[in-house]
Structure formats: structure tokens, C-alpha cells
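Below is one structure, written out as C-alpha cells; comments come after it.
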Amino acid sequence: MADLILTNTEGPVGVCTLNRPEVLNALNIALMDVLIERLEAFDADPAIRVIVIAGSEKAFAAGADIGEMADASLVDISERNNLARWKRVAAIRKPIIAGVSGFALGGGCELAMHCDMIVASESAQFGQPEIKLGVIPGAGGTQRLTRAVGKFRAMEIIMTGRFMTAKEAFDAGLVTKVVSKEQFLQETMALAREIGKMPPLALKAAKEAILAVDNTTLATGLEYERRLFYSLFATEDQKEGMKAFQEKRKADFKGK
Ligand code: HXC
Numbered sequence: 110m111a112d113l114i115l116t117n118t119e120g121p122v123g124v125c126t127l128n129r130p131e132v133l134n135a136l137n138i139a140l141m142d143v144l145i146e147r148l149e150a151f152d153a154d155p156a157i158r159v160i161v162i163a164g165s166e167k168a169f170a171a172g173a174d175i176g177e178m179a180d181a182s183l184v185d186i187s188e189r190n191n192l193a194r195w196k197r198v199a200a201i202r203k204p205i206i207a208g209v210s211g212f213a214l215g216g217g218c219e220l221a222m223h224c225d226m227i228v229a230s231e232s233a234q235f236g237q238p239e240i241k242l243g244v245i246p247g248a249g250g251t252q253r254l255t256r257a258v259g260k261f262r263a264m265e266i267i268m269t270g271r272f273m274t275a276k277e278a279f280d281a282g283l284v285t286k287v288v289s290k291e292q293f294l295q296e297t298m299a300l301a302r303e304i305g306k307m308p309p310l311a312l313k314a315a316k317e318a319i320l321a322v323d324n325t326t327l328a329t330g331l332e333y334e335r336r337l338f339y340s341l342f343a344t345e346d347q348k349e350g351m352k353a354f355q356e357k358r359k360a361d362f363k364g365k
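For the sequence shown, position 185 matches number 294 in our numbering, and the numbering has no gaps at all.
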């Protein structure tokens, strides 16, 4: 069987490429399990500072594998415990950039929304079409899409199942930047390389603090940020970063 996830590294960037082209990268359980294993390996690898998840030019992922769900009973679907899988994706501490071209639908859109930045090709289409299958999003779509684009747009997207273009998704706040179809992977890698130059402990702290927005009040979030900010003064990278500024040279971050 072909590798469901292709992995490669480029300096501090670890890349996972979804590889089920015959079904537009539909996310079956086997693919999700390999993806999680590779993400966790990159998360644990000190040489990697940032992770990219990409699909093909035609599809990031067209959703969960409908063939795997069509005949499932309530017991089957709940015993699969997919929530536990998605929690492991959400628990990755390094920044993840989604490189999205073509379809990012259902679980595919939800996978992109588990990432921390989304670089979209101008051909990208985002949507949560589950309503047309008689269900609703099941991997956080109702929550994350609403947080990204607001209640009134999320209601319409989820209740009609229509797709958003890359431009609409960008204007609505779901997408970090829109790039040409030909360049989407290069542009995703360029952003990853830029972030990969940054101090890894500060990157993780930034991700943790920003994601805390969803679970805290402003007062608690500010307190949380303050503690993470202080904690970075225990790192060599903070000393190096500030010293390099004063000495007018490039900082050499070690992740220590
Ligand atoms: C299984 C899928 C699939 C999916 C596409 N395919 N999406 N197989 N699960 N989600 C398969 C098709 O059956 C087809 O296989 C091949 O991929 C190419 O797709 P076509 O439909 O022929 O391509 P096209 O006409 O270009 O249409 C593309 C499309 C359409 C608009 C993306 O495929 C589509 O609507 N797909 C389903 C999108 C969807 O509803 N996603 C949400 C799934 S539910 P054959 O063998 O015929 O060539 C979900 C719930 C998440 O994600 C819950 C949390 C886990």
C-alpha cells in the first residue's frame, strides 16, 4: 500500500503531504493514524521548529472518508473515538502551517483549522458540506469556523454546505494569505522557513498563548501570557536574541 502520508524535511521544516489522490485525500482512519504518528514525531524532534501539512494541487482533503462512515451505526461511530485522534492533532505544540490548494471540505477544512496558519492557493475551496450528507461537522467545524469567521457567516456556510473561495475565506479571516496556484507550496514553505528561523521555545509559547484565547477570559488570558513571557527569560534564546540585537548581529537560536 502506498504511503498515506509522505514526509520530508527541509532544514527546520517538517512536511507531511496527504497522499490518497484517488479519493481527493479523503481522511480515512488509517491516514489519520499515520498523520498523527508523523506529526508527533516532528513535534518531538529538536531539529524541527515548524510543521507544514499539504495536499495536492487538486485537493487538500475532501473530508472524512464517506465510505468508512456510510454504514456505521451510532455505536460504531462513537466507538471509533475519532475525537481522541483530533485531540492529538490539536495537542501538537509546534506551529503548523496548512498549504491548501483545491478542496478543503468537511474534515479537510477541519484539519486546516487545526493548523495555526493557512496559506491558500487562489483555487482553494473551503466548506463544511456535511449538512448535505444528513450530519453536521464532527471534528470541530462548528466551533473553529465560528471562531474564525463569526456566527452569521458560519451559520450560512454550515447550513447551506456551500464552498467559500480562497478570497472569501481570506476576507472572512479563515486564511492567512492567498497565493497563486502554481506557487502555493513554495509560498507555504517560504513562510515555514521564515518562522523556522525563530526561537523554538518562544514559538511554542506564542502558539500556547494564542490558543488560550478560546478557553479564557481576557483577564485570565493576559495573566497566562504574562507567565509565559516571564518563563522565556529562563531560556538561552532570550539572552541570545537580545544580545544579538545589541551587538547588531543575527541571533543564533538553539532552542535552549
Ligand atoms: C470518500 C471521496 C470523498 C470523501 C471525494 N471522494 N470525496 N471518497 N470520501 N469525502 C472520491 C469520489 O467518490 C471519487 O471516487 C473521487 O474521490 C473523485 O471525486 P469526484 O466526486 O469524482 O470529483 P469531483 O466531481 O471533482 O468533485 C469533487 C468534490 C466531491 C466536490 C470534492 O468529490 C465531493 O463533494 N466530495 C465529498 C465532500 C464532502 O461531503 N465532504 C465531507 C465529508 S463528511 P471515484 O471512485 O468515484 O472516482 C466529513 C465529516 C467530518 O468530513 C467528521 C469528522 C471526522
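Note that CB positions come from ideal geometry on N, CA and C, so glycine has one too.
Collapsing the DSSP output to three states places L136 in a strand.
Under DSSP, G236 shares a beta bridge with L214. D180 has its CB no nearer than 7 Å to any heavy atom of the ligand HXC. K316 sits away from T344, with the two beta carbons spaced by 8 Å or more. Proximity to L133 across L148, V161, G123 and I175 peaks at I175, based on C-alpha coordinates.
Here I206 really is in contact with V159; their C-beta atoms are around 7 Å apart, less than 8 Å. Contact between P121 and I145 fails: their C-beta atoms lie close to 21 Å from each other, not under 8 Å. Taking 8 Å as the cut-off, the beta carbon of D323 is found closer than this to the beta carbon of R256. In this structure, I162 lies away from C218, with their beta-carbon atoms at least 8 Å apart.
Boundaries of the alpha helix (DSSP H) around N191: N191 to A199. Pairing E231 with A275 gives a Cβ-Cβ distance under 8 Å. Out of D346, R253, T285 and N190, the CA that lies nearest to the CA of L320 is found in R253.
Looking at the DSSP output, N117 shares a beta bridge with V124. For G259, there is no enclosing beta strand (DSSP E), as DSSP gives it neither H nor E.
For I138, the number of other beta carbons within 10 angstroms of its own is below 16, and it is reported as exposed. For S182, DSSP assigns no beta-bridge partner whatsoever.
Nearest to P238 by alpha-carbon distance, out of V228, G216, A221 and L220, is G216.
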